[in-house]
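Participant:
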Amino acid sequence: MFEKYIDLIEQHGVTAKVLGDLIQDHASLRGRMLANYERYKAEKDGQGVPIYQRKFEVESANKINSKLANDFFSEIIDTKVGYLFGNPVVFMLDKKTPDYNILNQRIERFNKVNNLADTNSEAGKFAAMCGYDGLLLYIDKEGQERIIRVDPWETIILTRSEITEPTYGIRYFKTYDDQCKVEFYDDKQRRVFMGESWEKLVEDTRQTKLHMFDYCPLFGLPNNAELQGDADKVLSLIDAYDRALSDGNSEIEQFRLAYMIFLGYVPDEETVRKAKELGALYIPEIENGEDIKFLTKQLDVQFLDSHLDRLEENITRFSKHVNFTNAFGGGTVTGPAMRYKLFMLETKAKTMERKHEAAMMYMFKVLASAWAKKGFQLDYTMLELKYTRNIPVNLLDEADTAQKFLGVLSMRTILSNISVVPDVDEEMRRIEEERDSRIDLDDKSLEDEEDQESHQEE
189 MFEKYIDLIE
199 QHGVTAKVLG
209 DLIQDHASLR
219 GRMLANYERY
229 KAEKDGQGVP
239 IYQRKFEVES
249 ANKINSKLAN
259 DFFSEIIDTK
269 VGYLFGNPVV
279 FMLDKKTPDY
289 NILNQRIERF
299 NKVNNLADTN
309 SEAGKFAAMC
319 GYDGLLLYID
329 KEGQERIIRV
339 DPWETIILTR
349 SEITEPTYGI
359 RYFKTYDDQC
369 KVEFYDDKQR
379 RVFMGESWEK
389 LVEDTRQTKL
399 HMFDYCPLFG
409 LPNNAELQGD
419 ADKVLSLIDA
429 YDRALSDGNS
439 EIEQFRLAYM
449 IFLGYVPDEE
459 TVRKAKELGA
469 LYIPEIENGE
479 DIKFLTKQLD
489 VQFLDSHLDR
499 LEENITRFSK
509 HVNFTNAFGG
519 GTVTGPAMRY
529 KLFMLETKAK
539 TMERKHEAAM
549 MYMFKVLASA
559 WAKKGFQLDY
569 TMLELKYTRN
579 IPVNLLDEAD
589 TAQKFLGVLS
599 MRTILSNISV
609 VPDVDEEMRR
619 IEEERDSRID
629 LDDKSLEDEE
639 DQESHQEE
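The working numbering applies: residue 189 is where the sequence shown begins, and numbers increase by one.
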């Protein structure tokens with residue numbers, strides 16, 4: 189991503205001009221991501237949803253202009269995020285790791301202090317919405333390692349490979365007093381540039397400081413290799429659906445306001461006014477076949493429904509989404525049938541799962557460099573991440589399957605495939621504790637001990 193700027197920085201160092209040019213090149217991406225965010229919010233007085241901005245030409249300005257937004261966009265995003273991150277990602281450290289207990293406690297503390305489950309969910313949402321999201325590690329005032337997400341339209345990652353492996357990271361935004369501020373991160377420090385505009389940046393050396401990590405702490409979470417949002421390919425279909433439904437609704441409302449026709453009769457303004465108020469007209473005499481009736485338009489409702497259904501099917505298909513209102517036909521679907529229904533959603537989620545795992549491994553790589561300075565040596569490659577899909581499960585089926593695999597597969601493998609077991613190691617420890625505390629009623633040694641105690645009492 190923006191690889192040419194890496195060479196410029198390595199040859200000439202980071203300069204205000206390089207940063208200004210980089211921000212200018214990022215402008216198109218920024219605009220697209222901001223537009224997607226506005227569309228996700230779907231505010232009626234905002235600029236994100238095109239149907240809300242629709243205006244008719246002057247000659248049609250008095251016609252009914254329904255503006256009905258159908259929020260497929262956020263449904264596509266939220267469904268995948270809930271499916272993938274609805275159950276928190278579990279970080280498991282290999283028990284063979286030296287100083288396992290101490291390191292595992294640090295990992296658990298980091299997760300809780302930073303509410304990592306929520307951070308992952310929100311970062312996943314913005315990545316699915318905009319194509320990628322930014323994540324920034326830093327040391328707080330208490331000396332604790334923290335992580336926050338950074339809006340993607342304010343984040344530029346310079347890398348020769350994936351944005352999960354950054355060479356440099358840039359965050360740019362406007363301050364409260366409308367000053368332009370750029371934070372530049374490398375593997376040692378954070379440098380700050382300020383200015384009235386992005387073309388007039390000046391480095392503020394007073395704000396330069398070491399970030400205490402051995403790697404760039406600003407990195408990205410990509411949605412896919414193309415850095416595309418989940419709904420980017422179906423925006424035109426969503427807009428077409430909004431227009432079709434809105435126009436259909438306008439026709440229905442126009443139908444209610446059907447035109448009144450006066451045949452052979454010219455009413456005055458008072459007559460028309462009374463007709464609107466009373467809903468009726470009285471004609472005392474008919475001399476030349478005068479008549480009054482309504483002119484209405486016949487709507488082809490079946491064609492409109494068919495058109496909307498086709499648009500919705502294409503939106504669902506090309507965004508790899510699942511329409512849960514009809515996907516399961518109102519019945520109970522389990523096992524292979526459910527996996528088949530969820531196949532496209534699972535394919536999309538699996539792609540992001542791999543990207544997220546790469547981002548998390550880099551995060552712990554950076555964290556490990558800070559922990560090493562405190563005397564805690566973590567080999568981040570000893571970490572394993574477990575993702576559990578957030579779908580309804582049939583525990584009876586899972587229990588039956590687990591029972592049939594006893595003696596065929598290891599207990600660890602069986603437990604890892606049961607949805608109610610979030611941590612296999614912890615569950616195996618509990619099983620071992622219960623086994624040790626269980627009393628064997630057929631154990632002869634217990635009877636001998638009881639006999640000895642009774643003889644001693646006598």
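We put the CB at the ideal spot given by N, CA and C, even for glycine.
Could you spell out where the alpha helix (DSSP H) holding F491 opens and where it closes?
Facilitator: Along the sequence shown, read from residue 1 onward, the residue named residue 491 stands at position 303. Where F491 is concerned, the enclosing alpha helix (DSSP H) stretches over V489 to F506.
Participant: If you compare alpha carbons, which of W386, E614, I619 and R618 is closest to D282?
Facilitator: Working through the sequence shown from its first residue, we reach residue 282 at position 94. Per the Cα distances, E614.
Participant: Run the proximity test for L492: is its beta-carbon closer than 8 Å to any non-hydrogen atom belonging to the ligand ATP?
Facilitator: Looking at this structure, you won't find the ligand ATP or any other ligand, since it has none at all.
Participant: Per DSSP, what kind of secondary structure is F273 in: helix, strand or coil?
Facilitator: Numbered from its first residue, the sequence shown carries residue 273 at position 85. Looking at F273 - three-state DSSP - the assignment turns out to be helix.
Participant: Please state whether DSSP places V422 in a helix, a strand or coil.
Facilitator: Within the sequence shown, numbered from 1, the residue matching residue 422 stands at position 234. Residue state, collapsed to three classes: helix.
Participant: Tell me whether the beta-carbon of S507 lies closer than 9 Å to the beta-carbon of D435.
Facilitator: Counting from 1 along the sequence shown, the entry for residue 507 is found at position 319. Counting from 1 along the sequence shown, the entry for residue 435 is found at position 247. It is not a contact, given that the beta carbons lie outside the stated cut-off.
Participant: Compute the beta-carbon to beta-carbon distance between G236 and E226, rounded to the nearest angstrom, for a pair I have assumed lies under 8 Å.
Facilitator: Translated into the one-based positions of the sequence shown, residue 236 becomes position 48. Translated into the one-based positions of the sequence shown, residue 226 becomes position 38. Sure, about 3 Å apart at Cβ, within 8 Å.
Participant: Going by C-alpha distance, which of K362, I606 and E353 is nearest F552?
Facilitator: Translated into the one-based positions of the sequence shown, residue 552 becomes position 364. Out of K362, I606 and E353, E353 has the C-alpha closest to the C-alpha of F552.
Participant: Along the chain, where does the alpha helix (DSSP H) that runs through Y356 open and close?
Facilitator: By one-based count along the sequence shown, residue 356 stands at place 168. No alpha helix (DSSP H) contains Y356, which is instead part of the beta strand (DSSP E) from Y356 to K362.
Participant: When the Cβ atoms of the stretch 307–321 are set against those of the stretch 394–402, are three or more pairs found closer than 8 Å?
Facilitator: Touching, no.
Participant: Using only the alpha-carbon positions, how far apart do A546 and E231 sit?
Facilitator: On the sequence shown, position 358 is the one that residue 546 refers to. On the sequence shown, position 43 is the one that residue 231 refers to. Roughly 34 Å between the two C-alpha positions.
Participant: By how many angstroms is the C-alpha of K529 removed from the C-alpha of L217?
Facilitator: As a first step, residue 217 must be located in the sequence shown, where it is residue number 29. As a first step, residue 529 must be located in the sequence shown, where it is residue number 341. Rounded to whole angstroms, L217 to K529 spans 34 Å at the Cα level.
Participant: Are P410 and K562 closer than 9 Å when you measure CB to CB?
Facilitator: Translated into the one-based positions of the sequence shown, residue 410 becomes position 222. Translated into the one-based positions of the sequence shown, residue 562 becomes position 374. No, these two residues do not count as a Cβ contact at 9 Å.
Participant: Would you kindly work out how many angstroms separate the C-alpha atoms of M599 and N582, rounded to a whole number?
Facilitator: Your numbering for residue 599 matches position 411 in the sequence shown. Your numbering for residue 582 matches position 394 in the sequence shown. So the two alpha carbons sit approximately 20 Å from each other.
Participant: Could you tell me whether the stretch 301–321 touches the stretch 564–577, where touching means 3 or more Cβ pairs closer than 8 Å?
Facilitator: Judged by Cβ distances under 8 Å, the stretch 301–321 makes no contact with the stretch 564–577, as fewer than three pairs qualify.
Participant: Less than 9 Å between the beta carbons of I503 and L571, yes or no?
Facilitator: Start at 1 with the first residue of the sequence shown, and residue 503 comes out as number 315. Start at 1 with the first residue of the sequence shown, and residue 571 comes out as number 383. Cβ atoms of I503 and L571: not closer than 9 Å.
Participant: Mind checking which residues open and close the alpha helix (DSSP H) that includes T535?
Facilitator: Taking the sequence shown and counting its residues from 1, the one referred to as residue 535 is at position 347. Unbroken alpha helix (DSSP H) run through T535: F531 to A560.
Participant: Expressed to the nearest angstrom, what Euclidean distance is found between the alpha-carbon atoms of A432 and L492?
Facilitator: Within the sequence shown, numbered from 1, the residue matching residue 432 stands at position 244. Within the sequence shown, numbered from 1, the residue matching residue 492 stands at position 304. Going by the C-alpha atoms only, they are around 8 Å apart.
Participant: Mind the definition here: the stretch 333–341 touches the stretch 194–210 only if three or more C-beta pairs lie below 8 Å; say whether that holds.
Facilitator: Touching, no.
Participant: Provide the residue span of the alpha helix (DSSP H) that contains R227, from first to last.
Facilitator: Against the sequence shown, residue 227 aligns to sequence position 39. Run containing R227: A215 to K229, per the alpha helix (DSSP H) assignment.
Participant: Leaving out five residues on either side along the sequence, give the residues of the same chain with a beta carbon under 7 Å from the beta carbon of T347.
Facilitator: For the purposes of this step, residue 347 is taken as residue 159 along the sequence shown, with counting starting at 1. The residues are M189, E353, P354 and T355.
Participant: In chain order, what residues of the same chain have a beta carbon less than 8 Å from the beta carbon of V338, not counting five sequence neighbours either side?
Facilitator: Looking up residue 338 in the sequence shown gives position 150. The answer, listed in chain order, is D321, G322, L323, L324, R359 and L406.
Participant: Since W341 and L222 should fall inside the 8 Å C-beta cutoff, what is the C-beta to C-beta distance between them, to a whole number of angstroms?
Facilitator: Here residue 341 refers to the residue found at position 153 when the sequence shown is read from its first residue. Here residue 222 refers to the residue found at position 34 when the sequence shown is read from its first residue. About 5 Å separates the two Cβ atoms, so the contact holds.
Participant: Short check: CB of L573 to CB of V277, under 9 Å?
Facilitator: As a first step, residue 573 is located in the sequence shown; it is residue number 385 there, counting from the start. As a first step, residue 277 is located in the sequence shown; it is residue number 89 there, counting from the start. It is a contact, given that the beta carbons lie within the stated cut-off.
Participant: Just the Cα atoms here: how many angstroms apart are D233 and D488?
Facilitator: In the sequence shown, counting from the first residue as 1, residue 233 sits at position 45. In the sequence shown, counting from the first residue as 1, residue 488 sits at position 300. Going by the C-alpha atoms only, they are around 32 Å apart.
Participant: Just to confirm the assignment: which complete alpha helix (DSSP H) runs, minimum length 4, are found wholly within the stretch 245–325?
Facilitator: Counting whole runs of 4 or more residues, the stretch 245–325 contains the alpha helix (DSSP H) stretches 260–273, 288–301 and 304–318.
Participant: In this structure, how does DSSP classify K243 when only helix, strand and coil are distinguished?
Facilitator: On the sequence shown, position 55 is the one that residue 243 refers to. If DSSP states are grouped into helix, strand and coil, K243 belongs with coil.
Participant: Can you tell me whether D366 is buried or exposed? The criterion is at least 16 other CB atoms within 10 Å of its CB, across all chains shown.
Facilitator: What you label residue 366 is simply residue 178 of the sequence shown in a count that begins at 1. Result: exposed.
Participant: Of the choices H200, Y326, E350 and A413, whose alpha-carbon is the least far from that of E371?
Facilitator: Counting from 1 along the sequence shown, the entry for residue 371 is found at position 183. Considering only alpha carbons, the answer is Y326.
Participant: Taking DSSP's pairing of strands, which residues face E572 in a bridge?
Facilitator: Indexing the sequence shown from 1 puts residue 572 at position 384. M280, per the DSSP bridge assignment.
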